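Numbering (our numbering), first residue to last: 498 to 719.
A short write-up of the structure that comes next.
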């Protein structure tokens with residue numbers, strides 16, 4: 498039997514997801530489109546952004562990949578509405594700028610809506626989200642990932658407990674705090690946001706069961 502801890506998945510991931518790619522679409526409001534490049538408006542784009550786009554073009558045209566490439570600036574009516582053109586559904590890889598509104602300061606509903614829209618299409622393959630995080634701060638890329646995952650998952654049943662159950666939980670925690678004043682904070686910190694999203698996705702409504710158990714919570718068992 499294969500040991501999952503030593504099995505090398507990388508070659509199989511490449512053959513399953515990278516090798517089948519034939520068409521690539523870039524949506525970024527800071528990249529010039531093909532129309533922009535043949536018109537005077539290309540001068541309004543920074544040289545750095547043009548260079549980054551050129552790198553993508555060079556990779557796509559390389560003998561290793563030989564991908565067909567198209568570029569959109571995010572200003573199409575459908576994209577503004579959080580949907581996508583039908584032709585994008587047939588793209589094998591979408592490179593999406595998370596901050597299509599030009600701001601890095603917070604949640605970008607436009608990009609989230611595009612991702613949600615594409616996730617419902619069984620023909621679509623891969624979306625690579627380009628972001629430097631919120632305000633470009635270190636570690637905030639994870640916050641973007643969390644927002645994307647949260648938008649794609651159903652609201653967990655545990656988040657809509659009735660008042661009676663919530664009251665019983667609060668009473669139990671109040672009693673626990675007598676022995677351990679930091680227990681609420683310890684419970685919250687015991688599971689990262691990404692781990693919590695994983696648990697919600699894997700276990701769903703079972704999370705609200707009094708018998709629910711998971712290895713990372715073992716520290717609270719006597």
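In this text, a Cβ means the ideal position worked out from N, Cα and C, and glycines have one as well.
Nothing here was measured: the structure is a model prediction, and the numbers come from that model.
Hey, out of the options, whose CA is closest to residue i's CA?
{"i": "residue 531", "options": "676, 567, 522 and 608", "result": "567"}
{"i": "residue 696", "options": "662, 647, 677 and 672", "result": "647"}
{"i": "residue 620", "options": "626, 645 and 587", "result": "587"}
{"i": "residue 571", "options": "557, 556 and 523", "result": "523"}
{"i": "residue 691", "options": "661, 666 and 642", "result": "642"}
{"i": "residue 553", "options": "698, 710, 663 and 625", "result": "625"}
{"i": "residue 649", "options": "606, 507, 558 and 545", "result": "606"}
{"i": "residue 628", "options": "677, 604 and 683", "result": "604"}
{"i": "residue 701", "options": "651, 689 and 677", "result": "651"}
{"i": "residue 694", "options": "640, 677 and 548", "result": "640"}
Using the beta-carbon count (16 or more within 10 Å), is residue i buried or exposed?
{"i": "residue 585", "result": "buried"}
{"i": "residue 525", "result": "buried"}
{"i": "residue 597", "result": "buried"}
{"i": "residue 631", "result": "buried"}
{"i": "residue 645", "result": "buried"}
{"i": "residue 510", "result": "exposed"}
{"i": "residue 670", "result": "exposed"}
Return the bridge partner residues of residue i from the DSSP annotation.
{"i": "residue 725", "result": "The requested residue 725 does not occur in the structure, where the chain is confined to residues 498 to 719."}
{"i": "residue 569", "result": "524"}
{"i": "residue 626", "result": "593"}
Below 8 Å on the Cβ atoms is my guess for residue i versus residue j; work out the distance and round it to an integer in Å.
{"i": "residue 528", "j": "residue 550", "result": "5 Å"}
{"i": "residue 674", "j": "residue 665", "result": "Residue 674 to residue 665, Cβ: 15 Å. No contact."}
{"i": "residue 589", "j": "residue 623", "result": "7 Å"}
Are the segment 546-565 and the segment 505-521 touching, with three or more C-beta to C-beta distances below 8 Å?
yes
Taking 8 Å as the cut-off, does the segment 586-596 touch the segment 610-618 (at least 3 CB pairs, one atom from each stretch)?
yes
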